[in-house]
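Some notes on the structure that comes next.
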Amino acid sequence: MLITKFTPNTNVSLLMKNFQTKGNPFKLWIAIAILLLYSPVVTSQIGEVIWEDNFNTFNTDIWNPIEGDGCDIGLCGWGNAELEYYRGNNITIESIPGESGNNALVLEAKNESFGGSSFTSGKVDTDGNLSVQYGLIEIRMRTPNLDSGLWPAAWLLGTSNLSWPAKGEIDIMEMGHAVEERERQGHPGADINSYVGANAIFANEDGSVGSIAYDVGYNQPYVSSTSMADRFVTYRLYWEPTQMRYTIVDNGTEYDLYTGPLPLDPDGVTGVFNRPFFFLLNLAVGGNFTDAAAPGQVSAPLPAKLYIDYVRVSKWNGYGTVETDYGGLAEESGTFGVFTENTPTANELTFGNDGEIYVWGGTMQEGTTAPYEGSEVIAWETLNANSWFGGGISAIFGKDMSNYVENGSLKFRINIPADVSFRVGITDNFTNESFVNFPAGETKYGLTRNGQWGEVEIPLEDFAGLIAFQNINYMFAISSIDGSFPSTTFQFGVDDIVWEDGNGNTTVSVTGISVSPSNTSLSVGSTQQITATINPSGASNQNITWSSSNTSIATVSTDGLITAQAAGSATITATTADGNFTASTIVTVTTSGATFVPDPNKTYYIDNPHHGLRIGANGAQDPFTTSTSVTGESVTWKITPSTTDGYYYIDCIGGGSRPRMRGDNSAYTDMQATTSKGSWTKWKFTAGSVDGTFLLTTLGNTLPRLQINNVGETKMVTTASTGTWERFIISEAINTTSPSSIRIEAEDYAAMSGIQTETTTDTGGGLNVGYIDNGDWMDYTVDIPVSGTYTVDFRVASVPGSAAVQFIVDTAVLGTANIAPTGGWQEWTTVSTSVDLLAGTQTIRLFSPGQNFNINWFEITNGASSKDIEDNSTKDLSIASVYPVPAQNELNLSVSNPQEYTSLQVIDITGKLVMVQPSINSKLTSLNISELPQGIYFLKLFKANNSSELLRFAK
């Protein structure tokens, strides 16, 4: 039976979007070449050893001795017409000849009849005991004289319960190839003991076998100048989420077994290699891949011993995990989500991780049935009339559902034509299955056959009998009924599929918490109720605790009532009892007429009531004054803390390149860039002699106090000056307030192409957008309050890391953020870019020029990114810029502090790396870009603190 993978989408998506071999292994290299073009440039690093076996003893807690010829599992000859019978007697630990004190695992092939086979040999695996996912795998081996008929191999199989080749196979080394294969690979004269290859095997989109070794343009087997019989070589697999590289180390020199690493696409046919695998080591005799199809054709000298000195796994580029006893399944309980979005669940399948959707036999394609709930649905359309159909959802590592047998039920929603007969079932991982029939037009298990969405609830005891509920494979399957095939093709949808244990155990875990409001201002003695919302709303444990960062400023009761105690600022935090998720509210406490504590999320006017003048800035070195009736960006100020000592920076929204107000120890106030730090830029607000007015005073000046004189000039005077010219009213600029940031959830798009949503584990819970490939996009309608430069922060996760996101308005790419590997699809980080935006409603497109990342939200922030706001008063910050823009033959990079930077890259608009500068040693670096074609490029600067900065230029 051919099984085709589908992934959930707004409707079930067409699969394998990036890596489609269509069953033809010779097309594979084209896809590989394309993916190699966009492979990220990284610094390779071998980390610590995380597991090894030096075979001083035979560890039966790790290694399973294999017995038999495969017939007991319906695979006589182990699927390759092999001639041996594997026996535990052929597995030993022995001293390595010529290496005193060093032992090895020995697998021995013997010319002896046993169990109906003409030969015996040895084979071991770690199935159920040890699995590996990513890392550097090294195996030191010594093969015997293979002549004709011996076939040693060191390889891995996927731990999933999928059938081969869908579970994946990684062949780190194979020897003993037939003469025909050596000739096909371009080595007709190669000696059998000098020729070694490697392979990766997977299921193509149509279910056929995909094998990279078939591609003679990509495969480059190693042919040694001397025989490898009876001497050690080391085989290596460099395995990370984005690629696998096979090598052999012979006499101290390392050789690649393919022309380049195999790129891994998590959404394509090679996505199977992003899962755990277990080890196998064996010495086969005869079979389809050798020149010995019959016992009389085996000419290799027997007995023959294969020595394995060690198997070792190390971290590689930060990746690599080894799990022991991975075959054990934890008992599930409560409501288990098979395919649902809105139903609260205790646990659920995660597609691409431990669950997959399959079509059987190519009998169906994507349909157009709208979802019953949420935005995703399994929507299928049958392909042939008067023919069978089938598909379902597999738990690819199995699920222990034994708690569900007695009182549990399988519940789902289905929309299927009333004249179609079908059956629904489940299967276990021991080849057992059980189905219940739904004849056409018949009401059963609550389903009314009216052609609309209906709810079905099947008691799981109706599936009992031979089903092993402790290891379920297909948690939901649907197919035709033999003898009742539909007379026409049709569409149907399935949604909201859950298992319920019926035991009253409906524990639903907390995934996040939010509070409202996120900030507030109170006067001393006043109170405000804060509301906490736990996600999901149906979470079992709704208990939270409240705390205050400074109880002398504000206290909070057990139910979230804040009481202001004294002037200042405090953070009120709610923490969930389940999961310790937190969310906070910032409380600013003031005393009427005495203290002013600016809210960094608001903007203000600074007015002198005596003169009726308002202070503004427009990019000149000096501020100006105008009537208090004037509004707009040039008279609107943002006031943010400089430190924790009560001093603030004062920046004009419309202040151009000089938005920061400061005193310069002269008689006049002046304006500087926001990079200007130090005592003269810090201001304190103290109460004036008239209620509601304030004195503005800098640090460190002999003339520290701000004043507007009788001709409207902004001046600096001594602190002895406290009269009407020095008293200011600070009022909120309500009509021109621009929010400090606009956060948009990624799933709140107005339009999209190619993407899907899924539940996120990021702080706050909810959904994220995932399955993002090259060319996918999302559109959002956003109201930009004021024109200016904004920082856009993207909350992203990526395993492969060949990803980027472009920020586009009116087809113009305003900014791009490259996305490095984060270590997992739910391991979140924030990347940024700067954009220039006009005020007003904008349609913003997020476009993917690369692939393989998730996005939870993005935030558009005035000026510096919120994640970068900190006390920089004592830092020598570097300012980086490029010129001329556009450039022709030479681009100049200017940095004020080259010690902050280590290297740079130039990346084109597609995300391709086109230039590397390994060091930045001076304040001015010139780059020769004469060979680059015209277009938009990005200059990525890498910093010594492991962060990076992105600049854009055009040629």
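For the sequence shown, full-length UniProt numbering assigns the number 1 to the initial residue and increments by one for each residue that follows.
For each residue, glycine too, the CB sits at the ideal point set by N, CA and C.
Between the beta-carbon of threonine 724 and that of glutamine 826 there is about 60 Å, and that puts the pair past the 8 Å contact cut. Minimum Cα-Cα distance from aspartate 291 among the listed residues Leu146, Tyr214, Phe492 corresponds to Leu146. Secondary structure remark: continuous beta strand (DSSP E) runs of at least 3 residues inside the stretch 606–630, in chain order: 613–616, 624–627.
Proline 301 is positioned such that its CB atom lies no closer than 9 Å to that of glutamine 133. As far as DSSP is concerned, isoleucine 66 takes part in no beta bridge.
Within the same chain, Thr603, Tyr604, Tyr605, Thr636 come within 6 Å of alanine 733 by CB-CB distance, once the 5 residues on both sides are set aside.
Contact check between the stretch 184–193 and the stretch 203–211: fewer than three CB pairs, one atom from each, fall below 8 Å, which does not count as touching.
Boundaries around arginine 182 are those of the alpha helix (DSSP H), 179–184, since no beta strand (DSSP E) includes it.
Remark: three or more beta-carbon pairs, one from each stretch, lie closer than 8 Å, so the stretch 477–497 and the stretch 383–398 are flagged as touching.
Annotated as distal: phenylalanine 853 and threonine 830, with beta-carbon spacing of 9 Å or more. With 16 or more other Cβ atoms from the protein chains shown falling within 10 Å of its own Cβ, glutamate 356 counts as buried. For arginine 743, the number of other beta carbons within 10 angstroms of its own is below 16, and it is reported as exposed.
Nearest C-alpha to glutamate 332 among Val313, Ser834, Trp499: Trp499. Straight-line spacing of the CA atoms in phenylalanine 694 and histidine 611 works out to 15 Å. Under the DSSP assignment, aspartate 325 falls outside any beta strand (DSSP E); it carries neither an H nor an E label.
By the 16-neighbour rule on beta-carbons within 10 angstroms, glycine 425 is buried. Shown here, glutamate 859 sits in a strand according to DSSP, grouped into three states.
Under the three-state reduction of DSSP, serine 679 is assigned to helix. With contacts defined as CB atoms closer than 9 Å, leucine 846 and tryptophan 777 qualify as a contacting pair. Only residues of its own chain outside the window of five on either side were considered, and among them Trp380, Glu381, Thr382, Leu383, Phe389, Gly391 have a CB closer than 7 Å to the CB of methionine 364, listed in chain order. When only Cα atoms are considered, glutamine 528 and threonine 585 end up about 11 Å apart.
When C-alpha distances from serine 679 are compared across Gly663, Thr669, Tyr668, Gln672, the shortest belongs to Gly663. The secondary-structure analysis by DSSP pairs alanine 817 across a beta bridge with Val805. Non-local beta-carbon contacts of asparagine 818 in its own chain, meaning distances under 6 Å to residues more than five positions away in sequence, involve Ala804 in chain order. Annotation: phenylalanine 351 to lysine 167 spans about 15 Å, alpha carbon to alpha carbon. Sequence-distant partners of valine 916 (beyond 5 residues in either direction) whose C-beta falls short of 6 Å from its own C-beta, in its chain, are Gln905. Residue burial is scored here from C-beta neighbours: glutamate 174 has at least 16 other C-beta atoms within 10 angstroms and is therefore classed as buried. Secondary structure note for phenylalanine 278: its beta strand (DSSP E) is the uninterrupted segment 277–285. Around the beta carbon of isoleucine 458, 16 or more other beta carbons sit within 10 angstroms, so the residue counts as buried. Gln220 is the residue among Phe279, Gln220, Ala944 whose C-alpha sits nearest the C-alpha of threonine 259. Note that the stretch 226–241 touches the stretch 249–257; at least 3 beta-carbon pairs, one per stretch, sit closer than 8 Å. The shortest CA-to-CA distance from isoleucine 472 to any of Thr533, Phe581, Ile530, Phe336 is the one to Phe336. For phenylalanine 581, the closest alpha carbon among the candidates Asp607, Thr545, Asn407 is that of Thr545. For aspartate 670, the uninterrupted beta strand (DSSP E) run begins and ends at 669–672, by DSSP. In the structure shown, the three-state DSSP call for glycine 770 is strand.
Within the same chain, Cβ atoms closer than 8 Å to the Cβ of glycine 116 are found at Asp69, Tyr85, the five residues on either side in sequence being excluded.
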